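One structure below.
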Amino acid sequence: MSTAIATPSSVELQSTESHLLYTAACSVKALLRTSDATTGLLTSNLHSNFAHLAPARPSLPSIETFVCSVATTLSATPVVVVTSLIYVERLSARLPQSARGKADTPYRIFLAALLLADKYWSDQAVKVKMLVAATGGLFRHREILAMERALLRILRFDLFVSADQIRDFASKLGIDIDATTSL
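Going by the working numbering, the letters in the sequence shown line up with residues 482 to 664, in that order.
Printed below as a string of structure tokens:
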């Protein structure tokens, strides 16, 4: 399988959306207290819940490149991206500090959170096979479905996010969500 992930320079976005996606990538990294996969260090979360799904991929793009590429390829709305970050924050709060994951754990978490957020907000939710294509084949259909189920269990199926929660979270990231969409 090829791993064609767009680089940030190849992603054409409006300034606000570009800032949102970059901030989203940094937030995934910060919320999960991760380190750069190329250093060989493990992430600080999720071994028991996600690491069993598949071994780490040898040539992962940076999390920033991955988030921007996947969100852009899927045309994820700002509300969906912010909602996915809220799910990541909820996940981070539920896990013990001692939880461990592999280098690809943040990628898996972001995909699962983005899929759930899109399903929550969209009548025409993204299909898993579109996610497989958007990741350049880094993750298989079965893996993404398992990630989704695992995240749902950890979040105890609590996916409700109010408009005020989205505004507050986006504001913490320095994003005026009302300028990009109507809630």
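Even glycine gets a Cβ: it sits at the ideal position worked out from N, Cα and C. Note that the coordinates shown come from a computational prediction; the quantities given were computed from them, not determined experimentally.
In this chain, the alpha helix (DSSP H) harbouring PRO587 covers 586–602. The C-beta distance from VAL561 to ILE647 rounds to 10 angstroms, too long to meet the 8 angstroms contact threshold. For ASP639, the closest C-alpha among the options THR554, LEU541, LEU572, ASP657 is that of LEU572. Around the beta-carbon of ASP657, fewer than 16 other beta-carbon atoms lie within 10 Å, marking it exposed.
With respect to the 7 angstroms criterion, ILE625 and LEU633 are not classified as neighbours on the basis of their beta carbons.
Nearest Cα to THR546 within the set ASP659, SER579, THR616, ASP604: THR616. Linking LEU541 to ASP649 through their CA atoms gives a straight-line distance of about 32 angstroms.
Bounds of the alpha helix (DSSP H) holding PRO559 are 559–575. Contact annotation: VAL509 and VAL569 have beta-carbon atoms nearer than 7 angstroms.
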